[in-house]
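Undergrad:
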Amino acid sequence: MKVSALQPGVSVVIPAYRSAASAPLVVERLLEVLPTITLKYEVIFVEDGSPDADTWPTLETLSRAHDAVRAIRLMRNFGQHNALLCGIIHARYDVCVTMDDDLQHPPDQLPRLLEALNGYDVVYGYPDEVQYSGFLRKVATYVTKLVLQGAVGRDNARYIAPYRAFRTHIREAFKHYSGHYVNIDVLLTWGAQRFNRVPVHYNRRTIGKSNYTLGKLITHTVNLLVGFSTLPLRIASLLGLLLTGFGAVLMVYILVVRALIFGQYEVPGFTFLASMISIFAGSQMFILGIMGEYLARVYFRVMERPVFVVAVEA
Numbered sequence: 035m036k037v038s039a040l041q042p043g044v045s046v047v048i049p050a051y052r053s054a055a056s057a058p059l060v061v062e063r064l065l066e067v068l069p070t071i072t073l074k075y076e077v078i079f080v081e082d083g084s085p086d087a088d089t090w091p092t093l094e095t096l097s098r099a100h101d102a103v104r105a106i107r108l109m110r111n112f113g114q115h116n117a118l119l120c121g122i123i124h125a126r127y128d129v130c131v132t133m134d135d136d137l138q139h140p141p142d143q144l145p146r147l148l149e150a151l152n153g154y155d156v157v158y159g160y161p162d163e164v165q166y167s168g169f170l171r172k173v174a175t176y177v178t179k180l181v182l183q184g185a186v187g188r189d190n191a192r193y194i195a196p197y198r199a200f201r202t203h204i205r206e207a208f209k210h211y212s213g214h215y216v217n218i219d220v221l222l223t224w225g226a227q228r229f230n231r232v233p234v235h236y237n238r239r240t241i242g243k244s245n246y247t248l249g250k251l252i253t254h255t256v257n258l259l260v261g262f263s264t265l266p267l268r269i270a271s272l273l274g275l276l277l278t279g280f281g282a283v284l285m286v287y288i289l290v291v292r293a294l295i296f297g298q299y300e301v302p303g304f305t306f307l308a309s310m311i312s313i314f315a316g317s318q319m320f321i322l323g324i325m326g327e328y329l330a331r332v333y334f335r336v337m338e339r340p341v342f343v344v345a346v347e348a
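If you number the sequence shown the way this note's numbering does, the last residue is 348 and the count never jumps.
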């Protein structure tokens, strides 16, 4: 198949973590597909402080063996989205594609993503079937997408996935981002307006096990809630309003209904009083905790901690 020289170049960014076994297979599959799409392409692995001793040597070997493969090693583990941001900033070509390192995102679906990108800024390759299981994981995923609705729109949030393609120039809107918590999907909305999606059949993981545990997903959801949304503050305000109304109704019931209507002038006992104090004190601590989360993020911004630090490039 003859590929036009005018076809935009493609940079594939892959965060690597415990990827020694899967990375060579990913490269093999990508180098079969990319030459059929464009004459200009690269595969960028960003090793995100992997604790094993094999991932980085494997990436170095792949980089030496293939001119199109680049490897970047971060100084420590910064997180998946931070690693993606590093790779996106280092991308050289017109279109950037992000995918995982475990072959769950099939490289042979890249032509579909790029075709769907025509006329759009961002396209998501969302799974054609649910990939996660477990009640808590479903709840955390639902909350994450609920938060993203405010940033990318109700329809697009349903289809957000780590297998995505977008115009590389969009990074100009966030390449100087210095916040401690990174979410690529939110950052993309800073420079993109037109979103598209295409269903993709994700492969089942056959090598290793997922590093994205339930705990990490919950942490990511909390960071997304507090770092890129004012929803928790609105919930705290609503809770305060509801409890204030509850207290007013309770006072009217005790002073008016019980005393004037039923003639019961005795004040409810210690158990009732302790319960009310616990409810209001607990709600105040909850609201203060939410405010503390926001203050902590302001503190991290003031410290100017780096989003990522590159240790080695190969």
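Quick reminder that beta carbons are idealized off the backbone N, C-alpha and C, glycines included.
Does the Cβ-Cβ distance between R201 and V129 come in under 8 Å?
TA: Cβ distance < 8 Å, so R201 and V129 count as in contact.
Undergrad: Between the stretch 81-93 and the stretch 49-59, are three or more C-beta pairs nearer than 8 Å?
TA: Short answer: they touch.
Undergrad: Do the stretch 131-146 and the stretch 207-215 make contact, defined as three or more Cβ pairs closer than 8 Å?
TA: Counting Cβ pairs under 8 Å, fewer than three are found: no touch.
Undergrad: Quick one: what's got a C-beta closer than 8 Å to Y75's C-beta in the same chain, skipping five residues either side?
TA: Cβ within range, chain order: G43, V44, S45, V46, L68, P69, A102, Y127.
Undergrad: CA-CA distance, G121 and I48?
TA: Between G121 and I48, the C-alpha separation is close to 8 Å.
Undergrad: How is R146 classed by DSSP in three states: helix, strand or coil?
TA: It is helical.
Undergrad: Give a yes or no on whether the C-beta atoms belonging to G159 and L147 are separated by under 8 Å.
TA: Result yes, Cβ atoms of G159 and L147 sit closer than 8 Å.
Undergrad: Which of helix, strand or coil does DSSP assign to P49?
TA: In this structure, P49 counts as strand in the three-state DSSP scheme.
Undergrad: Using alpha carbons as the reference points, say which of H235, I252, M325 lies closest to L267.
TA: Nearest option by C-alpha distance: M325.
Undergrad: If we ignore side chains and look at the alpha-carbon of each, how far apart do L180 and N257 end up?
TA: So the alpha carbons of these two residues sit roughly 14 Å apart.
Undergrad: Would you kindly work out how many angstroms separate the C-alpha atoms of I313 and W224, rounded to a whole number?
TA: Approximately 40 Å between the Cα atoms of the pair.
Undergrad: From I123 to L277, what does the alpha carbon distance come to, in whole angstroms?
TA: Those two C-alpha atoms are separated by around 47 Å.
Undergrad: With 16 other CB atoms within 10 Å as the buried threshold, where does A199 fall?
TA: Classification of A199: buried, given that the 10 Å Cβ count is 16 or more.
Undergrad: In whole angstroms, what is the alpha-carbon distance linking S97 and V61?
TA: C-alpha separation (whole angstroms): 10 Å.
Undergrad: To the nearest whole angstrom, what separates the beta carbons of D219 and I252, a pair I think is in contact under 8 Å?
TA: Their Cβ separation, rounded to whole angstroms, is 18 Å, which puts D219 and I252 out of contact at 8 Å.
Undergrad: Taking its Cβ as the centre, do 16 or more other Cβ atoms sit within 10 Å of G113, making it buried, or is it exposed?
TA: It is buried - the Cβ of G113 has at least 16 other Cβ atoms within 10 Å.
Undergrad: Report back the beta-carbon spacing between V80 and A117 to the nearest angstrom; my notes put them in contact at under 8 Å.
TA: Rounded, the Cβ-Cβ distance is 4 Å, consistent with contact.
Undergrad: Taking just the CA atoms, how far does Y176 sit from V33?
TA: No answer is possible for residue 33: the residues shown for the chain start at 35 and end at 348.
Undergrad: Taking 8 Å as the threshold (C-beta atoms), are L108 and A315 in contact?
TA: Against a cut-off of 8 Å, the Cβ pair of L108 and A315 comes out as no contact.
Undergrad: Pick out whichever of L93, L59, M133 has its Cα sitting closest to the Cα of Y236.
TA: Minimum Cα distance to Y236 is reached at M133.
Undergrad: From L329 to Q138, what does the alpha carbon distance come to, in whole angstroms?
TA: Each residue's alpha carbon lies about 38 Å from the other.
Undergrad: Helix, strand or coil, according to DSSP, for T255 in the structure here?
TA: Residue state, collapsed to three classes: helix.
Undergrad: Which residues share a DSSP beta bridge with V344?
TA: According to DSSP, V344 bridges with L108.
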